[in-house]
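Asks: Here the protein sequences come in this chain order: P and C.
Numbering-wise (this note's numbering), the first sequence opens with residue 6 and increments by one.
Numbering-wise (this note's numbering), the second sequence opens with residue 6 and increments by one.
Below: one structure in structure tokens.
Protein chains: 2
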Amino acid sequence: MLNKGCPEEELFSFFSQKKREDLDHNYILSSMCTLPHPVAVRAHCMFMETNLGDPGLFPGTASLEQLLIKRFAALYHCPDAGGYATSGGTESNLQALRLAKVQQKDIPYPNAVVPESAHFSFKKSCDILGIEMRGVPLDDTLRMDADAAAEQIDSNTIALVGIAGTTEYGMVDPIAALAKIANQHNVLFHVDAAFGGMVIPFLDKPIPFDFSLPGVTTIAVDPHKMGMSTIPAGCLLTREPDLLHALNIDTPYLTVKQEFTLAGTRPGAPVVGALAVMDYLGVEGMRAMVKGCLKNTRRLIAGMETFGFERAATPDVNVATFIAKKEDIPAPWKVSWTRPGHLRIVCMPHVHGERIEAFLKDIGELHA
Amino acid sequence: MLNKGCPEEELFSFFSQKKREDLDHNYILSSMCTLPHPVAVRAHCMFMETNLGDPGLFPGTASLEQLLIKRFAALYHCPDAGGYATSGGTESNLQALRLAKVQQKDIPYPNAVVPESAHFSFKKSCDILGIEMRGVPLDDTLRMDADAAAEQIDSNTIALVGIAGTTEYGMVDPIAALAKIANQHNVLFHVDAAFGGMVIPFLDKPIPFDFSLPGVTTIAVDPHKMGMSTIPAGCLLTREPDLLHALNIDTPYLTVKQEFTLAGTRPGAPVVGALAVMDYLGVEGMRAMVKGCLKNTRRLIAGMETFGFERAATPDVNVATFIAKKEDIPAPWKVSWTRPGHLRIVCMPHVHGERIEAFLKDIGELHA
């Protein structure tokens, strides 16, 4: 640590230099995060010092967190649903599995039935919680095989998981069929809609994935992904508003006496940022944004197929995947690889149509 | 959700109104968070969109995270220490216990030996991880009893925990004695310095609590507390730089192939905020800040004793506690209660000397 400290301008000149080492979003095609919407940034700055971990000190901010939850509850067809703002999908998924475990303490070797396409946060969460993760194979469209899921469920199963918008291929699992199976077996059914939760409701033909399906217990959604909020902004929704109280821990010295969250101190700023985007854009604005991302996804797939790159899947949301090799991709574009030979591009809001055309042009020149 | 969306000025007028419902920091005497330092806010805004969860996209920001870790490593007398920026103390403590558990997979019923004064995040973490938490009583100065701790350790003990600056009474456990015990029994020793980690090094006579003591394995410190950074900014430090790799999970589609963090997406903004404060103030600036907080703490204790309020402890850091009743405290001051009859005030940087005098004046008038 420096003894005397550094003059502010010298320090920020150094920070600017480091910032320039980060990649230019114009070339980032691989991320499920995006540039935050200006209203999210404005709200974030306004609520910079707020701490939702001590809501009695910040009752105004805490009421905005509850308003965000209410927005999702209405959007997901269960106005009375409860929930809270998490640090993102991992915390939401971990807390949902923790809920399942706490509710069924008597099961000594609990397992969770999870599609093979699930985000790695499920492996992390199962490891942490001591839950056996039972993988369910996908069908040939890369969606979870519902019959195979049903076969995996036994008396030690505490949770079934479905994904609404897989990280790698952008598929929506057969949530309606899975919800029925969960109901039949009376297990908690968690829908990981971290990505798709702010895409699917705004599609021309929304795929059923939410509390409109009896059997869906909890839903994870990340406003810091397609919600264009600042990081970290996740939400865990529960159909029963009081379900989370099963996780309560005593908090002797705070303005509340118990808390069910994972973190103690929690930033209010990104949470108000998330609400700002939803309320500023409204359903119509979100529909327009999603429409644009889907249009770009289709254009990218069509363009790539023109150059002979076969799609790896026909996605439900704005994730495009192709059979390709690393040397097929020109610099400085930043794409990702879900496995060797499978190229993945996420058409986030910052990936404008003009960037898709520029990418296709560069691909075309490399393969001319 | 609104259909058409809300005009920006109307929305922000509503947010302003909600913001005014939050408490005025001038009267908040109960929090371990504070108003962020202006350089933290400036750095936060500069790095608003960065995601440390995908460091290949943000190599500049990721290098600043490593620089923050290096600052703490040097401050804690182990320049080669490793670590990462967490969402705060709960994640740091959970990850330290997770490390202990992963390293000793063969122990079927692991336990952790934790002082009764430990933050409730340890109960949360032990519940999540399936670790038995063995409470160790405190001595009559409210510090962990090292002999009692040694007696609790058995062949199933995977971790010993000591607190450097307890949340409730501001005490530093006998870390040196505990480090020796941990060494003798060969268990991981985690020091929770979430609060004290940015106080103790800057005291006139620092109490040994860090890697200078052989036996200390991991340290938690929260820059969003006394480091005056924005929320969320925590750090987990490990003496062995590679220790965290025991927690690695495969991350197929990211710019890195594995990660050991709890969250996936992680904000870079508060992390650069934390570094900004440390580098701007330097050791001398932090010393001056800590000196002021300690002076205010002593003045508060002396003033309260003048009015007949007995101290509940003689703290090592800037937390003052008194025997008092709720009706002793005038509105609109916001204090906290560690247990019925024990008033607690944290003299954070936003609690200036003038606020202490104003509080004492109000107390004096109520008790005149």
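Just so it is clear, CB atoms sit at the ideal spot from N, CA and C, and this is done for glycine as well.
Going residue by residue through the region 115 to 175 of chain P, where are the continuous beta strand (DSSP E) segments of at least 3 residues, counting only ones entirely within it?
Replies: Listed in chain order, the complete beta strand (DSSP E) runs (minimum 3 residues) inside the region 115 to 175 of chain P are 116 to 120, 137 to 141, 162 to 168.
Asks: With 16 as the cutoff for other CB atoms within 10 Å, does P/Val141 come out buried or exposed?
Replies: By the 10 Å Cβ count, P/Val141 comes out buried.
Asks: Give the DSSP bridge partners of C/Thr326, in chain order.
Replies: Paired residue(s): C/Arg349.
Asks: For the region 27 to 40 of chain C against the region 337 to 349 of chain C, are there 3 or more C-beta pairs whose distance is under 8 Å?
Replies: In short, these stretches touch, since the Cβ pair count reaches three.
Asks: Just curious, the alpha helix (DSSP H) that P/Gly94 is in, first and last residue?
Replies: Run containing P/Gly94: 94 to 108, per the alpha helix (DSSP H) assignment.
Asks: By a C-beta neighbour count over all protein chains shown, 10 Å radius and 16 as the cutoff for buried, is P/Ser122 buried or exposed?
Replies: By the neighbour-count rule (16 or more Cβ atoms within 10 Å), P/Ser122 is buried.
Asks: List the residues of chain P that C/Arg56 touches, going by C-beta distances under 8 Å, in chain order.
Replies: Checking the displayed sequence, the identity of residue 56 of chain C turns out to be Asn instead of Arg. What C/Asn56 touches in chain P: Ser36, Cys38, Ile236.
Asks: Quick check on this structure: which residue in P/Ser18, P/Gln189, P/Ile306, P/Leu134 has the alpha carbon closest to the alpha carbon of P/Phe327?
Replies: The shortest Cα separation from P/Phe327 among P/Ser18, P/Gln189, P/Ile306, P/Leu134 belongs to P/Ile306.
Asks: Which value, in whole angstroms, describes the spacing of the CA atoms of C/Thr222 and C/Phe214?
Replies: Those two C-alpha atoms are separated by around 11 Å.
Asks: Looking at C-alpha atoms only, which residue of P/Ala279, P/Ile205, P/Phe125 is the closest neighbour of P/Leu299?
Replies: Comparing Cα positions, the closest option is P/Ile205.
Asks: Closer than 7 Å, Cβ to any Cβ of chain P: which residues of the region 171 to 198 of chain C, in chain order?
Replies: Here the close residues are Thr172, Glu173.
Asks: When Cβ atoms are compared, which residues of the region 274 to 290 of chain C fall closer than 7 Å to chain P?
Replies: Answer set for the region 274 to 290 of chain C: Val277, Ala281, Met283, Asp284, Tyr285, Leu286, Gly287, Val288, Glu289, Gly290.
Asks: Three-state secondary structure (DSSP) at C/Cys50?
Replies: In the structure shown, C/Cys50 sits in a helix (DSSP, three-state: H, G or I).
Asks: Compare the C-alpha of C/Glu13 against each of P/Ala67, P/Ala199, P/Asp321, P/Pro43 and name the closest.
Replies: It is P/Pro43 whose Cα lies nearest to the Cα of C/Glu13.
Asks: Give me, in chain order, the residues of the same chain whose beta-carbon lies closer than 8 Å to that of C/Ile74; leave out the 5 immediate sequence neighbours on both sides.
Replies: The residues are Ala86, Gly87, Gly88, Tyr89, Ala90, Cys240, Leu242.
Asks: Kindly indicate if chain C contains any beta-carbon less than 8 Å away from that of P/Cys3.
Replies: No answer is possible for residue 3 of chain P: it lies beyond the span of chain P, which begins at 6 and ends at 373.
Asks: Just the Cα atoms here: how many angstroms apart are C/Pro228 and P/Arg303?
Replies: In a straight line, the C-alpha of C/Pro228 is about 45 Å away from that of P/Arg303.
Asks: Give a yes or no on whether 8 Å exceeds the smallest Cβ distance from C/Tyr258 to chain P.
Replies: So, interface residue.
Asks: Could you confirm whether any beta carbon from chain C is found closer than 8 Å to the beta carbon of P/Pro320?
Replies: Answer no: the Cβ-Cβ gap between P/Pro320 and chain C never drops below 8 Å.
Asks: For a quick check, are the C-beta atoms of C/Leu16 and C/His30 less than 8 Å apart?
Replies: Result no, Cβ atoms of C/Leu16 and C/His30 do not sit closer than 8 Å.
Asks: For P/Tyr285 and P/Gly278, what's the separation of their Cα atoms in angstroms?
Replies: Their backbone Cα atoms lie some 10 Å apart in a straight line.
Asks: Between P/Gly273, P/Ile186, P/Ile350, which lies nearest to P/Arg316 when the distance is taken from Cα to Cα?
Replies: It is P/Ile350 whose Cα lies nearest to the Cα of P/Arg316.
Asks: Residues in the same chain with beta-carbon distance under 6 Å from C/Ala78, minus the five sequence neighbours each way, listed in chain order, please.
Replies: Excluding residues within five positions, the ones whose Cβ falls inside 6 Å are Pro84, Ala86.
Asks: Is it true that the CB of P/Arg139 sits closer than 8 Å to the CB of P/Val119?
Replies: Taking 8 Å as the Cβ cut-off, P/Val119 and P/Arg139 qualify as a contacting pair.
Asks: With DSSP run on the structure shown, which of helix, strand or coil describes P/Arg292?
Replies: The answer is helix: DSSP assigns P/Arg292 an H, G or I state.
Asks: Between P/Ala268 and C/Glu70, how many whole angstroms is the CB-CB distance? I'm expecting something under 8 Å.
Replies: At roughly 18 Å, the Cβ-Cβ gap does not stay under 8 Å, so P/Ala268 and C/Glu70 are not in contact.
Asks: Using beta carbons (cut-off 8 Å, strictly below), is P/Ile163 in contact with chain C?
Replies: With 8 Å as the cut-off, P/Ile163 does not count as an interface residue toward chain C.
Asks: Is it the case that the Cβ atoms of P/Ala164 and P/Val196 are separated by a distance below 8 Å?
Replies: No, these two residues do not count as a Cβ contact at 8 Å.
Asks: Can you tell me where the alpha helix (DSSP H) holding P/Asp367 begins and where it ends?
Replies: Per DSSP, P/Asp367 belongs to the alpha helix (DSSP H) from 358 to 371.
Asks: In the DSSP assignment, the beta strand (DSSP E) including P/Leu193 goes from what residue to what residue?
Replies: Unbroken beta strand (DSSP E) run through P/Leu193: 193 to 197.
Asks: At a Cβ threshold of 8 Å, is C/Thr222 touching chain P?
Replies: Not one chain P Cβ lies under 8 Å of C/Thr222.
Asks: Using three-state DSSP, classify C/Cys240 as helix, strand or coil.
Replies: Residue state, collapsed to three classes: strand.
Asks: Taking the alpha-carbon positions, what's the P/Cys352 to C/Lys185 distance?
Replies: Cα-Cα distance, rounded: 55 Å.
Asks: Using a Cβ cut-off of 7 Å, pull out every chain P residue sitting near C/Pro41, in sequence order please.
Replies: Residues of chain P passing the Cβ test: Met53, Glu54.
Asks: Counting only the same chain and skipping the five closest in sequence on each side, list residues whose C-beta sits under 7 Å from that of P/Ile112.
Replies: Within the same chain, P/Ile112 has close Cβ partners Asn161, Ile163.
Asks: Determine which residues of the region 84 to 116 of chain P have a Cβ less than 7 Å from any Cβ of chain C, and write them out in chain order.
Replies: Within the region 84 to 116 of chain P, the qualifying residues are Ser92, Gly93, Gly94, Thr95, Glu96, Arg103.
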